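Same order as they appear, the protein sequences are chains A and B. Residue 135 in my numbering is what sits at position 58 of the first sequence, and the numbering runs on without skipping anything. Residue 176 in my numbering is what sits at position 99 of the second sequence, and the numbering runs on without skipping anything. A short worksheet on the structure shown next.
2 protein chains.
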Amino acid sequence: MYERKTLPNLHCGLDLIGEVLYGKWKIRLLWFINEGHLRPSELQRQIPDASRRVLNIQLKELEEHELITKKIYPVVPPKAEYRLTEFGQTLIPVISALGNWGDENEDRLRSVILKRLKSKS
Amino acid sequence: MYERKTLPNLHCGLDLIGEVLYGKWKIRLLWFINEGHLRPSELQRQIPDASRRVLNIQLKELEEHELITKKIYPVVPPKAEYRLTEFGQTLIPVISALGNWGDENEDRLRSVILKRLKSKS
DNA sequence: TCCTATAGGGATAAATTTCTCCCCTATTGT
DNA sequence: ACAATAGGGGAGAAATTTATCCCTATAGGA
Numbered sequence: 078m079y080e081r082k083t084l085p086n087l088h089c090g091l092d093l094i095g096e097v098l099y100g101k102w103k104i105r106l107l108w109f110i111n112e113g114h115l116r117p118s119e120l121q122r123q124i125p126d127a128s129r130r131v132l133n134i135q136l137k138e139l140e141e142h143e144l145i146t147k148k149i150y151p152v153v154p155p156k157a158e159y160r161l162t163e164f165g166q167t168l169i170p171v172i173s174a175l176g177n178w179g180d181e182n183e184d185r186l187r188s189v190i191l192k193r194l195k196s197k198s
Numbered sequence: 078m079y080e081r082k083t084l085p086n087l088h089c090g091l092d093l094i095g096e097v098l099y100g101k102w103k104i105r106l107l108w109f110i111n112e113g114h115l116r117p118s119e120l121q122r123q124i125p126d127a128s129r130r131v132l133n134i135q136l137k138e139l140e141e142h143e144l145i146t147k148k149i150y151p152v153v154p155p156k157a158e159y160r161l162t163e164f165g166q167t168l169i170p171v172i173s174a175l176g177n178w179g180d181e182n183e184d185r186l187r188s189v190i191l192k193r194l195k196s197k198s
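So, in C-alpha cells, the structure goes:
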C-alpha cells in the first residue's frame, strides 16, 4: 500500500473535513449509502465510472474515519453491507448543501467548466 | 501546462461542484478572499503551507470558473486583487456548512484521522 | 550596492491518487 | 466443464496534483 510522506494539515475545520471527504468518490459513496444502496455491488452500479478497486479503498477509509460501518455476512456468495454511523449521518445535511448548490447552478457550472476545458485543448 | 487525458463527469450537482472546488487549497482561497484578504501575498500568508505556484494556479482556475475576478493594478511594485463574483458569493454558505461541521467535530475528527495515520506507519 | 517585497511563469521533480490487470473463494445455473 | 456472481486484494502503470527551483522587473530601505 502507498505510504504518506507528508503529514496533512489539521488546523481548522476545513482541514479536518477535507481530510475525510477528499477522495474522488467518497461523497457519492456516503450519499448512496444514505439512500439505501448498502452493498458494494450496488454502489459500484451507482458509480460505474469508478473502478471497483478504488471504491473498496475509499470505503475502507470512510470506515476507518468512522463515518460508515461494514458488516460482513459469512455466506456464499459473499455479502457485505455498509451503513452510516451516527457520526456519518451528521454529514448528510452538509453533502445536501453541496449537491443542492450544484443542482441549482447546474447550467452555469456545466457551461464554465466546459468552456475552460475547451480553451485548454 | 498539464493537459487532461480523461474527461470529468458532469452528471449531477455533486459532480459539478466537485469540479470547481476540487483542489487542495481552493475552498480556503474562496474563504479568505471572502474574509477580505484580497491580494496574492496576503493569501499566501494566510495559507503558508501552500506553495506560491499552486495558489496562483488554483486562483486562475477559480477565475476561469467565474467564482472570483482578478484586478491587476499597473503599478510598481505590482499589485493585484481578487474578489468573489456574485456567483462565488453564493458558495460561501456552503463552505460555511463544511467548516462548521469540521469545527463542531474537531476533536473527534482529529482523533480518527491521527489514529488511522498511525496505523499505517 | 545588496536585500526585500510584489506578482508571475517555465521546467521539472516528487507526491499522491486512480486505474488496469490478474488472482482467489465458493455456489448456482447452463 | 465453464461462465457468472459476490467480495476482496496485490503489483504496477498511468494520470493528476502539488512542490521546488530558477528567472523576470522595479522601488525603497539599510
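For every residue, glycine included, the Cβ atom is placed at its ideal position computed from N, Cα and C. None of the values given here were measured: they were computed from a predicted structure.
Query raised in the report: If we count Cβ pairs, one from each stretch, closer than 8 Å, do we get three or more for the region 91-111 of chain A versus the region 127-143 of chain A?
Result: Yes, the region 91-111 of chain A is in contact with the region 127-143 of chain A.
Query - For R193 (chain A), the residue or residues it bridges with in DSSP - result: Residue pairing by DSSP leaves R193 (chain A) without any beta bridge partner.
**Report entry** Range covered by the beta strand (DSSP E) that runs through A157 (chain B)
**Finding:** Unbroken beta strand (DSSP E) run through A157 (chain B): 156-161.
Query - Among B:E181, B:C89, B:I94, nearest to L139 (chain B) - alpha-carbon criterion - result: Comparing alpha carbon positions, the residue from B:E181, B:C89, B:I94 closest to L139 (chain B) is B:I94.
Query raised in the report: Whose Cβ in chain A lies nearer than 8 Å to the Cβ of V131 (chain B)?
Result: Correct list: empty, because the minimum Cβ distance to chain A is about 14 Å.
Query raised in the report: Roughly how many whole angstroms lie between the Cα atoms of K156 (chain B) and L168 (chain B)?
Result: Distance between the alpha carbons of K156 (chain B) and L168 (chain B) is about 26 Å.
Requested in this report: Would you mind sorting Y150 (chain B) into buried or exposed? The rule is 16 or more other CB atoms within 10 Å of its CB.
Outcome: By the neighbour-count rule (16 or more Cβ atoms within 10 Å), Y150 (chain B) is not buried but exposed.
Query - Amino acids of chain B, ordered along the chain, whose beta-carbon sits closer than 9 Å to that of K82 (chain A) - result: Going along chain B, no residue has its Cβ under 9 Å from K82 (chain A), so there is no contact; the nearest lies around 11 Å.
Report task. Look at the alpha carbon of N177 (chain A) and the alpha carbon of E119 (chain B), and state the distance between them as a whole number of angstroms. Result -> Whole-angstrom Cα-Cα distance: 32 Å.
Query raised in the report: DSSP three-state call for I110 (chain B): helix, strand or coil?
Result: Note: I110 (chain B) maps to helix in three-state DSSP.
Report task. Determine the chain B residues that contact G90 (chain A) at a beta-carbon separation under 9 Å, and present them in chain order. Result -> Near G90 (chain A) (Cβ distances below 9 Å), the residues of chain B are L175, G176, N177, W178, G179, D180, E181, N182, E183, L186.
Query raised in the report: Can you tell me the Cα-Cα spacing of R193 (chain B) and L186 (chain B), whole angstroms?
Result: One Cα belongs to R193 (chain B), the other to L186 (chain B), and the distance between them is close to 11 Å.
Query - Between the CA atoms of K197 (chain A) and E80 (chain B) - distance to the nearest angstrom - result: Cα-Cα distance, rounded: 7 Å.
Requested in this report: Could you tell me which chain B residues have their CB closer than 8 Å to the CB of L68 (chain A), listed as they occur along the chain?
Outcome: Look at the range of chain A in this structure, 78 to 198, and you will see that residue 68 (chain A) is not part of it.
Query raised in the report: Cβ of G165 (chain A) within 8 Å of Cβ of L144 (chain A)?
Result: Judged by their CB atoms, G165 (chain A) and L144 (chain A) are nearer to each other than the 8 Å cut-off.
Query - Nearest-angstrom beta carbon gap, Q121 (chain A) and R130 (chain A) [assumed within contact, 8 Å] - result: The pair is not a contact, with the Cβ atoms about 10 Å apart (cut-off 8 Å).
Requested in this report: Measure the CB-CB distance between G179 (chain B) and L161 (chain A) and report whether it falls below 8 Å.
Outcome: In this structure, the beta-carbon distance from G179 (chain B) to L161 (chain A) does not fall below 8 Å.
Query raised in the report: Beta carbon of I216 (chain B), beta carbon of Y159 (chain B): below 8 Å?
Result: Any answer about residue 216 (chain B) is impossible in this case: the structure gives chain B only from 78 up to 198.
Query raised in the report: What span of residues does the alpha helix (DSSP H) with I169 (chain B) cover, start to end?
Result: It spans 169-181 - the alpha helix (DSSP H) in which I169 (chain B) sits, taken as one unbroken run.
Query raised in the report: Can a CB atom of chain A be found closer than 8 Å to the CB of E143 (chain B)?
Result: By this cut-off, E143 (chain B) is an interface position.
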